[in-house]
Every structure is written in structure tokens, then in C-alpha cells.
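The opening residue of the sequence shown carries number 22 in this note's numbering; numbering runs sequentially from there.
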Amino acid sequence: MECKLCGSTKFRISRLRVGDLSALLFLEYPVRCRVCHKRELVNFFSAFRIRRADKRRHAEERRRKYREANPARQA
Ligand SMILES: [Zn+2]
């Protein structure tokens, strides 16, 4: 899946708007390109994969911040 505008393959889940309801009926979900920030509708399956990747990235960031804040506990 690529951004139609810039060709990037990096997306994140976008916030839902009232206007997205019709898209949801067609099993589409709004995502946002991480590079050019264009909003696009993708099918639920793609959105689910993006959401999973988002969560994984957030968890890694949390772990990294925790390690930085608690260097003594690293060993
Ligand atoms: Zn883009």
C-alpha cells in the first residue's frame, strides 16, 4: 500500500470524523501518510495492520524511554 501523493508506505491511523461514517459502512478506515500527511481511506485489513505496527512502535518507544530514565536497572 502506497500513498497516492508521495508514494510513501508509512501510514498511521487517523482520527475518525463524522464524515467517515459512510466510509465505515464500506469497511474503509481513514489513515494518514506519515510523510505528506495526506488523509486516505483504506480497507479495514490494511488499517488493522497499520494499527498493529503503530502499537508496536509505541511500545518500543516506551521501553526506550524507560531505559533512558532508569539506567541503573539496565543490568
Ligand atoms: Zn504521502
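Glycine included, C-beta positions come from ideal geometry on N, C-alpha and C.
Keep in mind that this is a model prediction, so the values were computed, not measured.
Practice problem: Give the secondary structure of F32 by DSSP, where H, G and I count as helix, E and B as strand, and everything else as coil. | Solution: Reading the sequence shown from its first residue, position 11 is the one you call residue 32. DSSP places F32 in strand when its eight states are reduced to three.
Quiz item: Does at least one heavy atom of ligand 1 sit under 7 Å from the Cβ of V56?
Solution: Along the sequence shown, one-based indexing puts residue 56 at 35. Flag set: Cβ of V56 near ligand 1.
Self-check item: Selection from Y50, C24, C57 that minimises the alpha carbon distance to R38
Solution: As a first step, residue 38 must be located in the sequence shown, where it is residue number 17. The shortest C-alpha separation from R38 is found at Y50.
Quiz prompt | Coarse secondary structure for V56, derived from DSSP in three states | solution = Walking along the sequence shown from the start, residue 56 turns up at place 35. The answer is coil: DSSP assigns V56 none of H, G, I, E or B.
Quiz prompt | Segment contact, 8 Å Cβ cut-off, at least three pairs: the segment 23-38 with the segment 55-73 | solution = The segment 23-38, when compared against the segment 55-73, does touch it at the 8 Å Cβ threshold.
Quiz item: What are the start and end residues of the alpha helix (DSSP H) that includes L26?
Solution: Working through the sequence shown from its first residue, we reach residue 26 at position 5. No alpha helix (DSSP H) holds L26; DSSP gives it neither H nor E.
Exercise. Go to F69, then tell me how far its alpha helix (DSSP H) extends in each direction, as first and last residue.
Key: Position 48 of the sequence shown, counted from the first residue, corresponds to residue 69. For F69, the uninterrupted alpha helix (DSSP H) segment begins and ends at 65-90.
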